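Mapping of the sequence shown onto my numbering: residues 7 to 62, in sequence order. Scroll down for the structure; my scribbles are underneath it.
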Amino acid sequence: MATPLVVSDVAKSFTMHLRDSVTLPVVAGVSFSIRAGECAVLGGPSGAGKSSILKM
Numbered sequence: 007m008a009t010p011l012v013v014s015d016v017a018k019s020f021t022m023h024l025r026d027s028v029t030l031p032v033v034a035g036v037s038f039s040i041r042a043g044e045c046a047v048l049g050g051p052s053g054a055g056k057s058s059i060l061k062m
């Protein structure tokens, strides 16, 4: 079966311009793949980076 989505070692950070340009890492080292026909769930506590992963 084909693998239509592969995510490998992605990271996301934000620069806080109002805080002396401090860089805030929010997601690091995320990898997964989803094959055709599979159903996936992205779970975790509040603030864990779920929305950040989906927006990438």
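Glycine residues also receive a C-beta, built at the ideal position from the N, C-alpha and C atoms. Please read these numbers as outputs of a predicted model, since none were measured by experiment.
* To do: Report yes if the C-beta distance between Val-28 and Gly-55 is below 8 Å; otherwise report no.
  => no
* **Contact with chain C by Thr-21, beta-carbon distance below 8 Å** => Annotation note: the requested chain C is absent from the structure, which comprises a single protein chain.
* Cα-Cα separation, Met-22 to Arg-41 -> 36 Å
* Which one or two residues does DSSP pair with Thr-29 in a beta bridge? -> Thr-21
* Asked: Taking DSSP as the reference, what is the three-state secondary structure of Ser-14?
  -> strand
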